[in-house]
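In terms of the numbering used here, the sequence shown opens at residue 3 and continues consecutively.
Yeah, the Cβ is synthetic: ideal placement off N, Cα and C, and Gly gets one too.
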Amino acid sequence: MSPKHLQYLAQQLNISQKQIENTARLLEEGATVPFISRYRKETTGSLDEVAVAEIQKQIKKLKELEKRREMILESIESQGKLTDSLRARIESTMDATELEDLYLPYKKKRKTRASLAKEKGLEPLAKKLFEQREHNVESLAKHFVNNEVTSTEDALQGARDIMAEWINENEKARNKIRYLFDREAVIKSKLARGKEEQAQKYKDYFEYEEKLKRCPSHRLLAIRRGEEEGLLRVSISPDIDNALYYLDNIFLKSKGESTDQVAMAIEDAYKRLLAPSIETEFRALSKQKADEEAIEVFAKNLRQLLLAAPLGQKKILAIDPGFRTGCKTVCLDASGNFLHYSTIFPHPPQNNAFAAKSELKHLVKKYDIEAIAIGNGTAGRETLALCNDIQFDNEVQIFLVNENGASIYSASKIAREEFPNQDLTVRGAISIGRRLMDPLAELVKIDPKSIGVGQ
């Protein structure tokens, strides 16, 4: 790793260059993050797994940046346009956005309005207008009327298209608009035409607007989902008058007819080129930030669930509650082994509560049950009330257990391997009971996204 990269990472991460250099070397040698953070503390200066993972992430970003930088330098050099000052700027920047801005004027483009106007020979007219010294633009434009450019207005339009492209590619202009987006951009969402019935779950966002930087991550992600499903129309933009004010201050030099043409080009450049481009950037940035916040919340909630205190080796009666299909009931021994399965129907439409209570009391006595685990889904609270109403012969603890993901587990390959002779409804009830005994041991069998611990 070069000294420039080491210095940059040290500043970004507030970690010494020596620590970063040693960690980078270990990663390059193929060592994993857990291995480095646990067994190479003397080499890394006791960096924890979070710091080592962040160094790994930043090194990957730097490699991608260097690869892109190399490609850009080769591209501009092949065009014969790579000056010493441009090379110096490209080689010195450590910002991917700035690098793309520097490359933008030299990037190979498909046919655009500006490129078509240049092919018609209107670039000299654009340059003259951009200087803002001409006071009779009609007279100037007449010199560019020919078979391809049939009128002075066509000539002026072509010149404005060229100027709009220059404005869009101007680094200072792009940075000013980014600054404005960062401070003032508003995210707006509206109901897509004809989608009211399908979009009811997004009704809070039918006529919604909020400063982008204040929009919570869960709200932003919900709005984006609505847009991806074609149910919402979403835009991100600052006040257009403020944007044009910034751009006018950069490009307008005087008053007169040529300045009026530049002003028209500025407005066109902003609406057609600059605003959509910067909006795309901020959509990506805001989603990345929202994703990172959502992952942080998800990880925190998942950690709490996985590290919940186990009840331990107790004989468990587990119930996967339900109404129409009944409550699936299993008995497990102190090691979590399956002993018994039956179904009771205490709730509507059967309402056979008396028989259900008798069955539960019988099972508790027969298998010397020490605790009852009830899934917290449909009919969970009703089943909890039912169990609390039973006078058991021995003392029994009763718990409401988070059953998210139990149905996913019950249909999984690992569940089929564990209980090949049992129906998936039985497997789901067993999972609920085992979660009470040892949450971590049971939940690791389920894909984290199915555990239901999002925002």
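Through-space distance from residue j to residue i, alpha-carbon basis
i	j	result
Glu79	Thr45	42 angstroms
Leu142	Ala157	10 angstroms
Leu75	Val54	32 angstroms
Leu2	Leu341	Here the chain comprises residues numbered 3 to 457, so residue 2 is not present and cannot be evaluated.
Ala224	Val332	39 angstroms
Ala267	Phe146	18 angstroms
Arg418	Glu281	49 angstroms
Ile189	His7	36 angstroms
Arg216	Ala311	37 angstroms
Arg285	Ser279	10 angstroms
Phe394	Lys363	6 angstroms
Gly377	Pro323	6 angstroms
Contact belief for residue i with residue j at Cβ below 8 angstroms, rounded distance in angstroms
i	j	result
Leu334	Gly407	Contact doesn't hold; Cβ gap of about 18 angstroms is too wide.
Leu28	Arg42	6 angstroms
Leu402	Gly382	6 angstroms
Ala355	Leu438	Ala355 to Leu438, Cβ: 24 angstroms. No contact.
Lys317	Ile392	Not confirmed; about 17 angstroms, so no contact.
Pro36	Glu56	Incorrect: roughly 14 angstroms between the Cβ atoms, too far for contact.
Ala161	Leu131	5 angstroms
Ala166	Ala271	4 angstroms
Leu222	Ser288	6 angstroms
Ala175	Ile242	Their Cβ separation, rounded to whole angstroms, is 15 angstroms, which puts Ala175 and Ile242 out of contact at 8 angstroms.
Extent of the continuous alpha helix (DSSP H) run through residue i
i	result
Gly377	That residue, Gly377, is in no alpha helix (DSSP H); its beta strand (DSSP E) goes 373-377.
Phe340	No alpha helix (DSSP H) contains Phe340, which is instead part of the beta strand (DSSP E) from 340-346.
Val35	35-41
Lys330	Element bounds for Lys330: not the alpha helix (DSSP H) but the beta strand (DSSP E), 329-334.
Pro5	5-15
Asp293	277-308
Phe183	173-186
Gln19	19-30
Pro450	Run containing Pro450: none; DSSP gives neither H nor E here.
Pro441	441-445
Pro482	Limits of the chain in this structure are 3 at one end and 457 at the other, which puts residue 482 out of reach.
Asp86	86-94
Asp270	259-271
Cys389	382-390
Leu118	115-121
Residue closest to residue i, alpha-carbon to alpha-carbon, out of the options
i	options	result
Leu84	Gly430, Met96, Leu104, Leu275	Leu104
Glu231	Leu246, Arg216, Tyr204	Tyr204
Glu199	Leu233, Asn354, Ile416	Leu233
Ala292	Ile22, His220, Lys302	His220
Asp206	Gly196, Leu214, Lys192	Lys192
Ile448	Asp391, Leu308, Met73, Thr427	Leu308
Asn396	Thr385, Val366, Leu386	Val366
Arg195	Glu229, Asp184, Met165	Glu229
Glu259	Asn138, Phe347, Lys130	Asn138
Glu444	Gln352, Glu361, Ser337	Ser337
Ala187	Val147, Glu212, Leu319	Glu212
Pro350	Glu281, Lys215, Gly328, Phe394	Gly328
Leu11	Arg71, Gly32, Ser48, Asp97	Asp97
Leu319	Gln399, Phe421, Gln352	Gln399
Ser239	Lys273, Ala301, Ser452, Gln202	Lys273
Ala357	Asn339, Gln13, Leu388, Tyr343	Leu388
Tyr108	Ile92, Glu121, Ile179	Ile92
Asn339	Phe421, Arg305, Glu405, Leu254	Phe421
Lys451	Leu67, Ser18, Phe300	Phe300
Lys69	Ser87, Asp86, Leu101, Gly47	Leu101
Gly47	Ala128, Glu209, Lys20	Lys20
Gln60	Glu384, Thr34, Leu15, Leu88	Leu15
Sheet register partners of residue i (DSSP bridge)
i	result
Glu209	Lys192
Residue range of the beta strand (DSSP E) that includes residue i
i	result
Gln399	399-403
Ala320	318-322
Ile238	234-239
Interface flag, residue i vs chain B, CB-CB below 8 angstroms
i	result
Val151	Absent from the structure is chain B; it holds one protein chain and no more.
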